[in-house]
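S.K.: Could you have a look at this structure, given as structure tokens, before my questions?
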Amino acid sequence: MGVFYWTWRQWLSQPGRAALAVSVYAAVLALSMLFDGIRVGILDDLRSFPASLPADLIAIESGNTTFSLSPSKLPQLARSRAESVPGVLNAPPIMLLPFILESDGASTPAMLVAFDEAGGPEKLTEGRAPTTEREIALDANLAKLRGVDVGDSVTVWDYQLTVVGLSTGSTSPFTPYAFITYDRLLDLVLDSDLPFGTGEFSLVSALLIQLESGVDLTAVRTQLEAAMPDADLFTPGELGDADSDFGNRLLGPVLFLISGIAWLIALLTMAMLRYADVQSSLRQFGIHKAIGAGPSWLAQTLTVGGLWICLPAFPLALVLAEMFAWVTAEWNPLYGARILEVEVIVRGAIVALLAATAGGLLSLRRLTRLEPVIVFQR
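Final position of the sequence shown in the numbering used here is 610; the numbers increase by one with none missing.
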């Protein structure tokens, strides 16, 4: 109890210094949590849309292990083959095409999803799904990035389309989604200079296979694999995880490095804060050493002192990280940091406690070498 009481009294004796230490440490923790939240947000966004597709199984080109990052191409007859398998209720196709969205002179890479019976924008924040007219629905964050509202016109391959809906759950930092109907895609292809006439002509990227009620998914999956040797089958969850895993392999090392640097900065920040506290309290430490305080007591004192900074700093860091995330989303809505995800909070708490403990103990050598006589002579 003595260690806790003494460090608490030291903390309260200099409220200005204590408040500054808490604020600085909270800001550094918030930065590390922001980077971690951005990483989690990117992976979650990559997973979200394919995992939400209305299907029991999704067929994509054999050998293609991701949904949006490298669109597949299935034979035109793939749907009839799938629907010939017992237990398959329906297998509507969708087509994915990377394109450049142009609006008011600004260009953004995106992914065009052509749908017929299923696969369109499921969750609309505004407006409605596009019809066979010259209409398109955009991801809401993509629209925000480009300053596009419902009723505005955008250009896709020199083809003017009117935005009629804004969707959620369709964000991707690489290629956010936009939606048109298959009929409109055919008109767009005929009016554009896209090289669809080369190679095997196909407007099918994936089949959204819906099964009859009560059938065995594993058994039907086996039959579909035999009927469609040029396709691989995934559940929506598996396909979402595949996109997320690819994004993690692509960006994970860089984002973890950035987070690691931020965590190291948190450690060094705590070390500097505690060293400054030690320097300002040398006389008090000298008194305790003179009356018998040993290295164990000094280590406990430094550790508890770091925890007194950490405890109020962490909730403040959460608030600051949320503010930083809001600023980031305002700058680029395609990057949504998930600060309040459990894994981000847990990692942030662990980093905060470890940095508080280790950073405080870095001043232990200074105190163990402290001679009380020299302190009293100053």
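All C-beta atoms in this analysis are idealised placements derived from N, C-alpha and C, irrespective of residue type, glycine included.
Could you compute how far the alpha carbon of Ile368 sits from the alpha carbon of Pro353?
M.R.: Going by the C-alpha atoms only, they are around 10 Å apart.
S.K.: Starting from Arg343, follow its DSSP beta bridges and name the residues at the other end.
M.R.: What sits at residue 343 in the sequence shown is Met, not Arg. For Met343, which the question treats as bridged, DSSP gives the partners Pro330 and Tyr409.
S.K.: Pick helix, strand or coil for Val260, following the three-state DSSP scheme.
M.R.: The answer is helix: DSSP assigns Val260 an H, G or I state.
S.K.: Quick one, are the C-beta atoms of Leu550 and Ala588 less than 7 Å apart?
M.R.: Their beta carbons are not under 7 Å apart, which means Leu550 does not touch Ala588 by this criterion.
S.K.: Using a threshold of 7 Å, state whether the C-beta atoms of Thr394 and Thr364 are closer than that.
M.R.: Taking 7 Å as the Cβ cut-off, Thr394 and Thr364 do not qualify as a contacting pair.
S.K.: For the beta strand (DSSP E) containing Ala287, list its first residue and its last residue.
M.R.: Per DSSP, Ala287 belongs to no beta strand (DSSP E) and is neither H nor E.
S.K.: Would you kindly work out how many angstroms separate the C-alpha atoms of Gly565 and Leu505, rounded to a whole number?
M.R.: Before going on, a small fix: residue 565 reads as Pro here, not Gly. Spanning the two alpha carbons is a distance of roughly 35 Å.
S.K.: When you compare the segment 264 to 272 with the segment 570 to 586, are there three or more beta-carbon pairs, one atom per stretch, that lie closer than 8 Å?
M.R.: Result yes; three or more Cβ-Cβ pairs closer than 8 Å.
S.K.: Between Ile571 and Met343, which are expected to be in contact by the criterion C-beta below 8 Å, what is the C-beta distance as a whole number of angstroms?
M.R.: With 8 Å as the limit, Ile571 and Met343 do not qualify as a contact, their Cβ atoms being about 27 Å apart.
S.K.: Keeping to the same chain, check which residues put their C-beta closer than 7 Å to that of Leu377; ignore five residues upstream and five downstream.
M.R.: Contacts found: Thr340, Asn564, Pro565 and Leu566.
S.K.: Cβ atoms of Ser476 and Leu328: under 7 Å apart, would you say?
M.R.: Contact: no.
S.K.: When the distance is taken between beta carbons, is Leu443 closer than 7 Å to Leu321?
M.R.: Going by C-beta atoms, Leu321 is nearer than 7 Å to Leu443.
S.K.: For Gln532, name the three-state secondary structure that DSSP assigns.
M.R.: Here Gln532 sits in helix by DSSP.
S.K.: Measuring only the C-alpha atoms, how far is Met233 from Ile541?
M.R.: Annotation note: pLDDT 45 at Met233 (below 50); position unreliable, coordinate value reported separately. Approximately 18 Å, taken between the alpha carbons.
S.K.: Hey, would you say Ala494 sits closer than 7 Å to Gly591, going by beta carbons?
M.R.: Going by C-beta atoms, Ala494 is not nearer than 7 Å to Gly591.
S.K.: Using three-state DSSP, classify Gly319 as helix, strand or coil.
M.R.: It is coil, neither helix nor strand.
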